[in-house]
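Participant: Just dropping this structure here.
There are 2 protein chains.
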Amino acid sequence: MTDSPPELPSLNRIRVVLVETSHPGNIGAVARAMKNMGLTELVLVAPKVFPHADATARASGADDLLAHARIVDSLDAAIADCALVAGASARSRTISWPLMSPRDCARRMEAEAAAGAKVALVMGREKSGLSNAELERCHVHVNIPANPDYPSLNLAAAVQVLTYELRLAALEAASALPAGEVLERDQPLAAAAELEGLFAHFEQALATLDFYDPDNPRQLMRRLRRLFNRAGLDRMEVNILRGILAAAEKAAGGNGR
Amino acid sequence: MTDSPPELPSLNRIRVVLVETSHPGNIGAVARAMKNMGLTELVLVAPKVFPHADATARASGADDLLAHARIVDSLDAAIADCALVAGASARSRTISWPLMSPRDCARRMEAEAAAGAKVALVMGREKSGLSNAELERCHVHVNIPANPDYPSLNLAAAVQVLTYELRLAALEAASALPAGEVLERDQPLAAAAELEGLFAHFEQALATLDFYDPDNPRQLMRRLRRLFNRAGLDRMEVNILRGILAAAEKAAGGNGR
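Chains as they are written, first to last, in the working numbering: chain L, 1 to 257; chain U, 1001 to 1257.
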């Protein structure tokens, strides 16, 4: 495809906040996931070990995000200027709070960011997530639907899913989301008359080859029509198929028109 | 929330195939991502290093998936029984092929799996992805929308996004009153091995008929592969096409196998 990428400035106003991350490798992997999805701002609340070679290794080219990461002492400091704060949460909590799906949460975050607000996505510790006190700092909670028998995603994997939804929300808002199935066609579609020419050629070639379904001769052409209509043939494909039919007719002593 | 989780049996018929993975840690992280999303079947095509302590460490409780992972020599062996094969692909390729978004691709994969078919998601090497020959084995290509300046996701992160969409599709299907997509099919889809048989037969018959594109002989088979992969052939359609090829070979004095 040759369309130039849409600019998604709203993503620059959505920061990812990691609270007391234990493994520096996870911080690096989060930076990579963010940059893949077009986010730029990473804030670390009291990381156990940072900077560290593991972080740089797993960042794999997103080390600019690591270099610019802000390190703060408290969650409050990380989110002070944010108008919307979403906290990643396991599904069942004693504390009831607005709980959103990643898709709905991403749309809301993106809309706020597009309107000019600073927005934060807050991720907890690898083992224990966010504390209740921290969750109460958040305006909404977001939960990734997961296998109830094994629900705990790797920290960077969770960030990947949530930032993927943020990118989709931004693309959606920019109306730049690729259509469902983009068939990168290098040839024009065959016109109906060209398809009819192909089907007539099939019928003639099959007669020349003495090939038919003895039980139901009409059924064979119906199946070929259904198959090739479903496929949506382009002009070159029609030419190739007719070329093969002509070669077969010639071999059988027909006229190979 | 206290609602009991829906059972999602379709996810058991969707396998993840990793082709020539270099880092065993990534294999472990893929297993964790899969189990988090409720998938169970992992197939490894010629992994560089496996099993390995890094794989077990990153699997982090998903080591049952590693223990049951099947190791095979070739992509063909990994997908032989699959009626739908989706390959992860970068966005721009010289060869055009049906390219789907993760969401649409997941819906289609889940619908086929729910209808009883075996389905595969094929992921390429960390550095170089899937080769063109491997991509041509796939019925559809799936691309995760990413930052065009930094588009390459970590292998396990990509699997996380794609299996997340598969889980959403399965949840969606489980809660939809009427089935989301009704596949009006009177014949089972052909498996990948049956399609390979068809393509080999095409190649043989075209040689017998002395039919080829003098400018680019390989391009012809690629176009036929693309056409028939796109169409999603059922078993009877494969039989009809092979019957026609055999008749043409016989007419040309070949063996008409």
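The beta carbon of each residue, even a glycine, is placed where N, CA and C say it ideally should be.
Helix, strand or coil: how does DSSP classify Gly116(L) here?
Facilitator: coil
Participant: Here's a check: name, in chain order, each residue in its chain whose Cβ is nearer than 6 Å to the Cβ of Pro1024(U), leaving out the five neighbours to either side.
Facilitator: Val1049, Phe1050, His1052, Asp1054 and Ala1055
Participant: At 7 Å on the CB atoms, spell out the chain L contacts of Ile1079(U), in chain order.
Facilitator: Per Cβ cutoff of 7 Å: no residues; Ile1079(U) is ~21 Å from chain L at best.
Participant: Taking only three categories from DSSP, how would you classify Pro1098(U)?
Facilitator: strand
Participant: Which chain U residues sit within Cβ distance under 7 Å of Val161(L)?
Facilitator: Gln1160, Val1161 and Tyr1164
Participant: Taking just the CA atoms, how far does Met1109(U) sit from Gly1038(U)?
Facilitator: 15 Å
Participant: Applying a beta-carbon distance threshold of less than 8 Å, which residues of chain U neighbour Lys35(L)?
Facilitator: Asn1147 and Tyr1150
Participant: Might you give, ordered along the chain, the residues of its own chain that have their beta carbon closer than 8 Å to the beta carbon of Arg1125(U), omitting 5 neighbours on each side?
Facilitator: Val1019, Glu1020, Thr1021 and Ser1022
Participant: Any beta carbon of chain L sitting closer than 9 Å to that of Leu1153(U)?
Facilitator: yes
Participant: So Val142(L) and Pro102(L) are in contact, right, with Cβ under 8 Å, and what is the actual spacing, rounded?
Facilitator: Between Pro102(L) and Val142(L) the Cβ distance is about 6 Å, and since that is below 8 Å, they are a contact.
Participant: Ile1240(U) by DSSP, collapsed to three states: which one?
Facilitator: helix
Participant: Can you pull the chain U residues whose beta carbon is under 7 Å from the beta carbon of Arg230(L), in chain order?
Facilitator: Ala1231
Participant: Which residue's Cα is closest to the Cα of Pro1009(U): Leu1171(U), Glu1196(U) and Arg1225(U)?
Facilitator: Leu1171(U)
Participant: Closest by CA to Leu1299(U), which one among Ala1067(U), Leu1066(U) and Ala1086(U)?
Facilitator: No statement about residue 1299(U) is possible, as the shown extent of chain U runs from 1001 to 1257 and does not include it.
Participant: Per DSSP, Arg1015(U) is paired with what?
Facilitator: Glu1041(U) and Ala1120(U)
Participant: With DSSP collapsed to three states, give me the class of Leu1135(U).
Facilitator: helix
Participant: In chain L, what lies closer than 8 Å to Gly1087(U) by C-beta?
Facilitator: Those do not exist, as Gly1087(U) stays about 15 Å from chain L at its closest Cβ, beyond 8 Å.
Participant: In three-state terms, what does DSSP make of Asp1234(U)?
Facilitator: strand
Participant: I want to verify the contact list: residues of chain L whose CB lies under 7 Å from the CB of Ala1252(U), in sequence order.
Facilitator: Ala251
Participant: One question on the structure: do Val17(L) and Leu155(L) come within less than 9 Å of each other, judged by their Cβ atoms?
Facilitator: no
Participant: Would you mind reading off the limits of the beta strand (DSSP E) that contains Val1140(U)?
Facilitator: Val1140 to Val1142
Participant: Cβ atoms of Ala77(L) and Val119(L): under 9 Å apart, would you say?
Facilitator: no
Participant: So Arg1032(U) and Ala1059(U) are in contact, right, with Cβ under 8 Å, and what is the actual spacing, rounded?
Facilitator: 5 Å
Participant: Considering just the uninterrupted stretch of the beta strand (DSSP E) at Ala86(L), what are its terminal residues?
Facilitator: Leu84 to Ala88
Participant: Got a sec: which bits of the region 1208 to 1230 of chain U sit with their beta carbon under 9 Å from any beta carbon on chain L, in order along the chain?
Facilitator: Taking 9 Å as the Cβ-Cβ cut-off, the region 1208 to 1230 of chain U approaches chain L at Thr1208, Leu1209, Asp1210, Phe1211, Asp1213, Leu1220, Arg1223, Leu1224, Arg1226, Leu1227, Phe1228 and Arg1230, given in chain order.
Participant: Should Arg1013(U) be labelled buried (16 or more other beta-carbon atoms within 10 Å of its own) or exposed?
Facilitator: buried
Participant: In whole angstroms, give me the CA-to-CA distance for Tyr1150(U) and Ala1200(U).
Facilitator: 39 Å
Participant: Please state the DSSP three-state secondary structure of Leu189(L).
Facilitator: strand
Participant: Hey, how far is the Cα of Ala1083(U) from the Cα of Arg230(L)?
Facilitator: Ala1083(U) and Arg230(L): Cα-Cα distance of roughly 17 Å.
Participant: Please list, in chain order, the chain U residues whose beta carbon lies closer than 8 Å to that of Asp186(L).
Facilitator: Ser1096
Participant: Within the 9 Å Cβ cut-off, does Leu1206(U) reach chain L?
Facilitator: yes
Participant: Pull up the CB-CB distance for Leu11(L) and Arg167(L), whole angstroms please, since I reckon it's below 8 Å.
Facilitator: Indeed they touch by this definition, with Cβ atoms about 7 Å apart.
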